[in-house]
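2 protein chains.
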Amino acid sequence: MRDDDQIPLPDFDLDGFTPYRLAVAAKRTSEELARMYRARFGITIPEWRVLVHLAHSGEVSVRDIEARVALEKYEVSRTAKRLEESGLIAKRGNDRDRRLVSLSLTPKGRAMMAELLPLAKAHQVELERRLGETFAQLEAGLERLLSENGASDGD
Amino acid sequence: MRDDDQIPLPDFDLDGFTPYRLAVAAKRTSEELARMYRARFGITIPEWRVLVHLAHSGEVSVRDIEARVALEKYEVSRTAKRLEESGLIAKRGNDRDRRLVSLSLTPKGRAMMAELLPLAKAHQVELERRLGETFAQLEAGLERLLSENGASDGD
DNA sequence: TTGACATCATTGCAACTGCAACGTTTTATC
DNA sequence: GATAAAACGTTGCAGTTGCAATGATGTCAA
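Those protein sequences? They're chains A and B, same order as listed. Residue numbering for the first sequence follows the working numbering, starting at 77 and increasing by one per position. Residue numbering for the second sequence follows the working numbering, starting at 77 and increasing by one per position.
Put into structure tokens, the structure is as follows:
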């Protein structure tokens, strides 16, 4: 065998691989935001998602949140536990169906969201401004990806 | 105080929040791929990234990889450790600069990549087909996001 | 009513992650 | 050269994650 007797590999450009590009873009975008959440409010992204849903929907169960904020059931459960410990949400049993746990914002959580949501909105506006006309293109692509199997399975 | 005397919250639609949309789209896309990697080759996404870079670049250091595949230094280090343990890559010291560790594919790793890379390419083609004309739009958006601060800081 | 099955939420465990600190080696400054 | 500073890679630790299993409750059919 000669020394260069190696299996030849096809060229592959990771930078042109869409799943990779998406992952990197998402990570950057999320981390930018996560820094703000953490620095100003001391919350993580899963916490932010749950809080947003509660702000929007009032009192809901873990199950209700799961599907709506793209978190697994156990993530919601643990996130809710942390949020309760930091006093931002309240958990209580549901009398109709005692398997359910009702989650809702506490006044403290509500006050925080009253401050946070406008910032998030402003961030979105700023993002759209920064992307300019490519924003609509990005959205078209995301829409296509997200609608592909949005309801097909629980994952 | 009346019972409904609550701080009013602005409406906020998580589903329309671009960072969230990106995160969900990236997660779905990545997981689809991760399933294939894991099922057929038993590797994770960080492992896949390191392997791709080695397939492309031959022999490189941890530092070289770090920037190119969007992983932190310690992630590359631990990923390399695992890949070495599973016999897919080899690690050895660099004589010129003994701080460096040279990573390279083993024949076994090379053989795996020879099988994996065509599948990844096919996946990309399939993705482009599925997205149709929105693919170009998505790419335009991603390009904008990724070029914004790609070299500005190491993060 | 009872028993089998489904649903909801939680948790034990092992693996993984992020951060900061570390040891080693090289580079820069005097 | 000697000392300080920087670069490279690794690792200890505490916290987090994902999976599968669990317990508790509800639903349905006989």
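Every residue gets a Cβ at the ideal spot worked out from N, C-alpha and C, and that includes glycine.
Coarse secondary structure for residue i, derived from DSSP in three states
{"i": "Val177 of chain B", "result": "strand"}
{"i": "Gly163 of chain B", "result": "coil"}
{"i": "Gly185 of chain A", "result": "helix"}
Range of the contiguous alpha helix (DSSP H) that encloses residue i
{"i": "Ala131 of chain B", "result": "121–133"}
{"i": "Asp171 of chain A", "result": "Taken as a continuous stretch (DSSP letters only), Asp171 of chain A belongs to no alpha helix (DSSP H), as it is neither H nor E."}
{"i": "Ala146 of chain B", "result": "Where Ala146 of chain B is concerned, there is no enclosing alpha helix (DSSP H), given that its DSSP letter is neither H nor E."}
{"i": "Gly92 of chain A", "result": "Note, Gly92 of chain A: premise wrong, no alpha helix (DSSP H); not H, not E."}
{"i": "Glu209 of chain A", "result": "Neither: Glu209 of chain A is in no alpha helix (DSSP H) and is coded neither H nor E."}
Sequence-distant residues of its chain with Cβ nearer than 8 Å to residue i (five each side left out)
{"i": "Arg139 of chain B", "result": "Lys149, Leu176"}
{"i": "Leu214 of chain A", "result": "Leu207"}
{"i": "Leu181 of chain B", "result": "Leu127, Leu130, Ala131, Leu164, Ile165, Ala166, Met189"}
{"i": "Glu135 of chain A", "result": "Ser178, Leu179, Ser180"}
{"i": "Ser106 of chain A", "result": "Ile121"}
Cβ shell of residue i (< 7 Å), same chain only, five flanking positions each side left out
{"i": "Ala196 of chain B", "result": "none"}
{"i": "Leu192 of chain A", "result": "Phe117"}
{"i": "Arg168 of chain A", "result": "Ser178"}
{"i": "Val250 of chain B", "result": "Residue 250 of chain B lies beyond the range of chain B shown here (77 to 231); nothing can be said about it."}
Own chain partners of residue i with C-beta closer than 6 Å, once the 5 adjacent residues on each side are dropped
{"i": "Asn170 of chain A", "result": "Leu176, Ser178"}
{"i": "Tyr113 of chain A", "result": "Ile119, Trp124"}
Give the residues from the segment 97–108 of chain A that approach chain B closer than 9 Å (Cβ to any Cβ), ordered along the chain.
-> Arg97, Leu98, Ala99, Val100, Ala101, Ala102, Lys103, Arg104, Thr105, Ser106, Glu107, Glu108
Residues from the segment 128–149 of chain A in contact with chain B, defined by Cβ distance under 8 Å | Val128, His129, Ala131, His132, Arg144, Val145, Ala146
Please name the residues in the segment 175–193 of chain B whose beta-carbon is closer than 8 Å to at least one beta-carbon of chain A, in chain order.
-> Pro183, Arg186, Ala187, Met189, Ala190, Leu193
Could you list the residues in the segment 81–96 of chain A with a C-beta less than 7 Å from some C-beta on chain B, going in chain order?
-> Gln82, Ile83, Leu85, Pro86, Phe88, Leu90, Phe93, Thr94, Pro95
Which residues, in order along the segment 198–210 of chain B, keep a beta-carbon less than 7 Å from a beta-carbon of chain A?
-> Gln200, Leu203, Leu207, Thr210
Relative to chain A, which residues along the segment 162–174 of chain B have a C-beta separation below 8 Å, given in chain order?
-> none
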